[in-house]
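Number of protein chains: 2
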Amino acid sequence: MHQIAKLAGVSLGTVSHVINETASVREPLRQRVMEAVEKLGYQPNQLSRGLRLNRTNMIGMIIPDITNPFFPGVVRGVEDVAYKSSYRLVLCNTDNDPAKEATYLSDLKSFLPAGLLIIPSVDSSLTSEESGPPVVCVDRRPRGWKGDIVTVANEDGGYKAARYLIEMGHRQIGVISGPSHLTNAGDRLRGFMRALAEANVPIGPEYIQEALFDRTSGYSSALRLLHLLPCPTAIFAANDLMAMGALSAVRESRLACPADVSIISFDGLDITELTDPALTAVYQPGYQLGYTAARLLLDRMNGLKDRPQEVVLKTELRIRNSVARMNVS
Amino acid sequence: MHQIAKLAGVSLGTVSHVINETASVREPLRQRVMEAVEKLGYQPNQLSRGLRLNRTNMIGMIIPDITNPFFPGVVRGVEDVAYKSSYRLVLCNTDNDPAKEATYLSDLKSFLPAGLLIIPSVDSSLTSEESGPPVVCVDRRPRGWKGDIVTVANEDGGYKAARYLIEMGHRQIGVISGPSHLTNAGDRLRGFMRALAEANVPIGPEYIQEALFDRTSGYSSALRLLHLLPCPTAIFAANDLMAMGALSAVRESRLACPADVSIISFDGLDITELTDPALTAVYQPGYQLGYTAARLLLDRMNGLKDRPQEVVLKTELRIRNSVARMNVS
DNA sequence: TTGTAAGCGTTATCAG
DNA sequence: CTGATAACGCTTACAA
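For the protein sequence lines, the chains are A and B, in the order given.
Read left to right, the first sequence gives residues 1 to 329 (the working numbering).
Read left to right, the second sequence gives residues 1001 to 1329 (the working numbering).
Now the structure itself:
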């Protein structure tokens, strides 16, 4: 910036003024400055800029597992609205590791982002403080979180899954749930159990396995389920990754899906329509989730002062081929 | 920091010394300072810190499409080594949009990252300059790039795919290539063509479709291929996403894979072993790619001054069920 | 309309 | 061993 000022024969202040259009500068001067900017390929230093302004143009986002195809979908939703508003989205992946999440969160904050989007995997380290950038939680609710949040109707989604299984005649049902400390996992399970209870379908505790929302833990949970007697005729996996693991387990047990055991899932990622069989699932709108959260965050960044909002998006049952009709005995 | 100094009754300089262990401070003082740090929940401002030090503790990474499951794998590889060395990885997704890539690149740079990892989708905007943070390219080589780069043996991988198809008796072959301006797409195609030429298997230009490395373009390219006469008995898709699109196309054309048309792919993501049929593919080690690139970047950041390195990882054919043996007529 | 200078939160140099 | 103080690159009153 010094160089520009020198090259254009003006002062630092003036350079800043023409760059930020913060004061009307006479045309010839403006020209000279812009030329200098071009010639030197000047890029403003965001660090000093942010330091001065007390905020940068970046939106930070923390996701638990970049490897789970559900999250990239929500990231795309965020990206689309953030970029259009000329904010830059920077992503941090925590691997579901609470320590990583805490570190990334505080590190991100110390970069003074304009806003923060968090898919929390842990309760701590997140308190709706007044100071600092606006934060909106996405997909999961940390215990005691009182700020903005956008989620999907997990309880209702779980309910729908169970209803469908029951309608298809299943009475011996296994569940692969997500980590119990995650609200979305808990809600899905609760909805599922509610439907079973309403229909008087019993389910023993050993038929409810807790896994980690990833493929390998879904696989081993399914294996445990398949070794139970009586063997479940249907399995509800609380997300697609675990359902895919379950599918592998079924195959390796020399069973057929859905002939021997049906699988119903949660997420409805489009890749699961290519599996064998295509997975019936409760679809949740990942892109919309991100899109909505980002819009809300932008509103906050622009000074919206309402009381905290809670947006809940709908889910929808997508029937494909992984659930067979049972003859009720 | 002011507050800490005041609370501990010392000067700013001393606080800094204590925090960074940049001078041995007498124990009682040190104690007082640390207590103050704890009590105030002090987090150093990375902006000012970076401004002063002329570099931050973040590693920036630019990926072209977070939605393509191949990239999250390489991100994980990077993340693992970066985090262990207490660097923070921040990700930017460009959607294969050259403008976005340029913007993110220059924005990232102006945050003075300690290093930069780029999976380039466009040639421009990347010049191996002396100034600025070390940069290593991953997976694809921009035209004229003379700096560090780690890729996989794409040409050889393409060659392997064609060899296998030929060995299985296929003579009428279609190709769904990636965007021709991307080196990895070009290399894969070149290797593939070389094997065909060596085996005297002809292929008309209309049997080579260029698509965008995503599912929908893979789908429509496959449709075009399937309408040709004679219809290809095998299709090589230059990545898994396009192969999955091709699979959909085959199904919707009421053809069977591999009975009517075989598919061989490139990537070998683990989700493609659950498709129907499981996809035979040239596997490329995504995690290793990221891991290796990150190691190299760390070396550069630590002052390694060698001439630019070029690391090429091996690929490997993974035979599953999507390629049938043909009776050579 | 333009220039000057203070200050954002750190670190580093250099006296005391 | 500790404390002033300048400097990092930029924005913004305020003065000219």
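Even for Gly, the Cβ is constructed at its ideal location relative to N, Cα and C.
Point to revise | Contact set between residue 1075 of chain B and chain A, taken where Cβ atoms lie within less than 7 Å | key: Stepping through the second sequence from its first residue, residue 1075 of chain B is reached at position 75. Neighbours of residue 1075 of chain B across chain A, judged by C-beta separation under 7 Å: 66 and 93.
Review point. Would you call residue 149 of chain A buried or exposed, if buried means 16 or more other Cβ atoms sit within 10 Å of its Cβ?
Key: One-based indexing of the first sequence puts residue 149 of chain A at position 149. With 16 or more Cβ atoms within 10 Å of its Cβ, residue 149 of chain A is classed as buried.
Practice item. Have a look at A/83, A/23 and A/40 and flag the residue whose alpha-carbon is nearest the alpha-carbon of residue 1 of chain A. Key: Taking the first residue of the first sequence as position 1, residue 1 of chain A is located at position 1. For the residues A/83, A/23 and A/40, the minimum Cα distance to residue 1 of chain A belongs to A/40.
Check your understanding: By the criterion of Cβ-Cβ separation under 9 Å, what are the contact partners of residue 15 of chain A in chain B?
Key -> The count along the first sequence starts at 1 and reaches residue 15 of chain A at position 15. Listed along chain B, no residue sits closer than 9 Å to residue 15 of chain A by beta-carbon distance, the nearest being about 16 Å off.
Point to revise | Nonlocal neighbours in the same chain, by C-beta distance under 6 Å from residue 1255 of chain B, ignoring five residues either side | key: The sequence position of residue 1255 of chain B within the second sequence is 255, counting from 1. Beyond the five residues adjoining it in sequence on each side, residue 1255 of chain B comes within less than 6 Å, by CB distance, of 1261 in the same chain, given in chain order.
Practice item. Can you tell me which of B/1086, B/1101, B/1122 and B/1094 puts its alpha carbon nearest to the alpha carbon of residue 100 of chain A? Key: Taking the first residue of the first sequence as position 1, residue 100 of chain A is located at position 100. Selection B/1086, B/1101, B/1122 and B/1094 evaluated against residue 100 of chain A yields B/1086 as nearest (Cα-Cα).
Review point. Are any of the Cβ atoms in chain B nearer than 8 Å to that of residue 300 of chain A?
Key: Residue numbering aside, residue 300 of chain A sits at position 300 when the first sequence is read from its first letter. Contact of residue 300 of chain A with chain B is not assigned, every C-beta pair being separated by 8 Å or more.
Exercise for review: Would you tell me roughly how many angstroms separate the C-alpha atoms of residue 1055 of chain B and residue 1090 of chain B, rounded to the nearest one?
Suggested key: Here residue 1055 of chain B corresponds to residue number 55 of the second sequence, with the count starting at 1. Here residue 1090 of chain B corresponds to residue number 90 of the second sequence, with the count starting at 1. When rounded, the distance between both Cα atoms is 15 Å.
Practice item. Compute the distance between the beta-carbons of residue 4 of chain A and residue 33 of chain A, then report whether it is under 8 Å. Key: Here the question's residue 4 of chain A lines up with position 4 in the first sequence. Here the question's residue 33 of chain A lines up with position 33 in the first sequence. The answer is yes: Cβ separation under 8 Å.
Check your understanding: Listed from N- to C-terminal order along the chain, which residues in the segment 1239 to 1251 of chain B have their beta-carbon within a distance smaller than 8 Å of any beta-carbon of chain A?
Key -> Within the segment 1239 to 1251 of chain B, the residues whose Cβ lies closer than 8 Å to some Cβ of chain A are 1244, 1247 and 1248, listed in chain order.
Check your understanding: Going by the CB atoms, is the gap between residue 104 of chain A and residue 1088 of chain B shorter than 8 Å?
Key -> As a first step, residue 1088 of chain B must be located in the second sequence, where it is residue number 88. As a first step, residue 104 of chain A must be located in the first sequence, where it is residue number 104. Yes, the pair counts as a contact, with Cβ atoms nearer than the cut-off.
Check your understanding: In chain B, which residues lie with their C-beta within 7 Å of the C-beta of residue 111 of chain A?
Key -> Taking the first sequence and counting its residues from 1, the one referred to as residue 111 of chain A is at position 111. Ordered by position in chain B, the residues that pass the 7 Å Cβ test against residue 111 of chain A are 1046 and 1047.
**Study point:** Sequence-distant residues of the same chain with beta carbon closer than 8 Å to residue 1025 of chain B, five excluded per side
**Key:** Locating residue 1025 of chain B in the second sequence gives position 25, counting from the first residue. Answer for residue 1025 of chain B: 1014, 1017, 1018 and 1033, listed in chain order.
Practice item. Between the Cα of residue 1324 of chain B and those of B/1044, B/1257 and B/1294, spot the shortest distance and give me the residue it belongs to. Key: By 1-based counting over the second sequence, the position of residue 1324 of chain B is 324. Of the candidates B/1044, B/1257 and B/1294, the one whose C-alpha sits nearest the C-alpha of residue 1324 of chain B is B/1257.
Check your understanding: Any C-beta of chain A sitting closer than 8 Å to the C-beta of residue 1317 of chain B?
Key -> Here residue 1317 of chain B corresponds to residue number 317 of the second sequence, with the count starting at 1. The beta-carbon of residue 1317 of chain B is placed no less than 8 Å from the nearest beta-carbon of chain A.
Check your understanding: Does the beta carbon of residue 1039 of chain B come closer than 8 Å to any beta carbon on chain A?
Key -> One-based indexing of the second sequence puts residue 1039 of chain B at position 39. So no, residue 1039 of chain B is outside the interface.
Check your understanding: In this structure, does DSSP put residue 279 of chain A in helix, strand or coil?
Key -> Translated into the one-based positions of the first sequence, residue 279 of chain A becomes position 279. Coil.
Practice item. Tell me, please, whether the CB atom of residue 176 of chain A is closer than 8 Å to any CB atom in chain B? Key: For the purposes of this step, residue 176 of chain A is taken as residue 176 along the first sequence, with counting starting at 1. Cβ-Cβ to chain B under 8 Å: no for residue 176 of chain A.
Review point. If we ignore side chains and look at the alpha-carbon of each, how far apart do residue 361 of chain A and residue 188 of chain A end up?
Key: The question about residue 361 of chain A has no answer, for chain A in this structure spans 1 to 329.
Practice item. Report yes or no: do three or more beta-carbon pairs, one from the segment 38 to 52 of chain A and one from the segment 212 to 222 of chain A, lie closer than 8 Å? Key: By the Cβ criterion, the segment 38 to 52 of chain A is not in contact with the segment 212 to 222 of chain A, since fewer than three pairs of Cβ atoms, one from each stretch, lie closer than 8 Å.
Check your understanding: Counting Cβ pairs closer than 8 Å, one from the segment 303 to 320 of chain A and one from the segment 277 to 287 of chain A, do we hit at least three?
Key -> Flag = yes, the segment 303 to 320 of chain A and the segment 277 to 287 of chain A touch.
Exercise for review: Classify residue 133 of chain A as buried or exposed, calling it buried when 16 or more other Cβ atoms lie within 10 Å of its own Cβ.
Suggested key: Working through the first sequence from its first residue, we reach residue 133 of chain A at position 133. So residue 133 of chain A ends up on the buried side.
Exercise for review: State the start and end residues of the unbroken beta strand (DSSP E) segment that holds residue 210 of chain A.
Suggested key: For this step, residue 210 of chain A is matched to residue 210 along the first sequence. From DSSP, the beta strand (DSSP E) with residue 210 of chain A extends over 208 to 210.
**Study point:** Simplified DSSP state of residue 299 of chain A, which is helix, strand or coil
**Key:** Taking the first sequence and counting its residues from 1, one reaches residue 299 of chain A at position 299. Of the three classes helix, strand and coil, the one that applies to residue 299 of chain A here is helix, per DSSP.
Exercise for review: Would you list the residues sitting across from residue 1236 of chain B in a DSSP beta bridge?
Suggested key: Here residue 1236 of chain B refers to the residue found at position 236 of the second sequence. Residue 1236 of chain B pairs with B/1175 and B/1264.
Point to revise | For residue 1089 of chain B, three-class secondary structure by DSSP | key: Position 89 of the second sequence holds residue 1089 of chain B. In the structure shown, residue 1089 of chain B sits in a strand (DSSP, three-state: E or B).
**Study point:** Candidates B/1023, B/1156, B/1246 and B/1147, of which the one nearest residue 1306 of chain B by Cα
**Key:** In the second sequence, residue 1306 of chain B corresponds to position 306, counting from 1. Distances from the CA of residue 1306 of chain B to each of B/1023, B/1156, B/1246 and B/1147 were compared; the closest alpha carbon is that of B/1147.
Check your understanding: Which parts of the segment 128 to 208 of chain A are runs of the beta strand (DSSP E), unbroken and 3 residues or longer, counting only runs that do not cross its ends?
Key -> List check, beta strand (DSSP E) in window: 135 to 138, 148 to 152 and 173 to 177.
**Study point:** Rounded straight-line distance, which links the Cα of residue 1184 of chain B to that of residue 1241 of chain B
**Key:** As a first step, residue 1241 of chain B must be located in the second sequence, where it is residue number 241. As a first step, residue 1184 of chain B must be located in the second sequence, where it is residue number 184. For residue 1241 of chain B and residue 1184 of chain B, the distance between alpha carbons rounds to 15 Å.
Check your understanding: Is residue 1191 of chain B near residue 1157 of chain B, with beta carbons less than 8 Å apart?
Key -> The sequence position of residue 1191 of chain B within the second sequence is 191, counting from 1. The sequence position of residue 1157 of chain B within the second sequence is 157, counting from 1. The answer is yes: Cβ separation under 8 Å.
Review point. Closest to residue 294 of chain A by CA distance: which of A/226, A/76, A/244 and A/64 is it?
Key: Taking the first residue of the first sequence as 1, we reach residue 294 of chain A at position 294. Out of A/226, A/76, A/244 and A/64, A/76 has the C-alpha closest to the C-alpha of residue 294 of chain A.
Practice item. Name the residue from A/302, A/303, A/269 and A/168 whose alpha carbon lies nearest to the alpha carbon of residue 259 of chain A. Key: As a first step, residue 259 of chain A is located in the first sequence; it is residue number 259 there, counting from the start. The residue from A/302, A/303, A/269 and A/168 with its alpha-carbon nearest to that of residue 259 of chain A is A/168.
Point to revise | Candidates B/1205, B/1181 and B/1198: closest to residue 1212 of chain B by CA position | key: Against the second sequence, residue 1212 of chain B aligns to sequence position 212. It is B/1181.
**Study point:** Interface positions of the segment 1210 to 1224 of chain B facing chain A (Cβ-Cβ less than 8 Å), listed along the chain
**Key:** Those would be 1215, in chain order.
Review point. Does the beta-carbon of residue 251 of chain A have 16 or more other beta-carbons within 10 angstroms, so that it is buried, or is it exposed?
Key: Within the first sequence, the letter at position 251 stands for residue 251 of chain A. By the 10 Å Cβ count, residue 251 of chain A comes out exposed.
Practice item. Within 10 angstroms of the Cβ of residue 1209 of chain B, are there 16 or more other Cβ atoms? Answer buried if so, exposed if not. Key: Sequence index remark: in the second sequence, residue 1209 of chain B carries index 209 (1-based). That one is buried.
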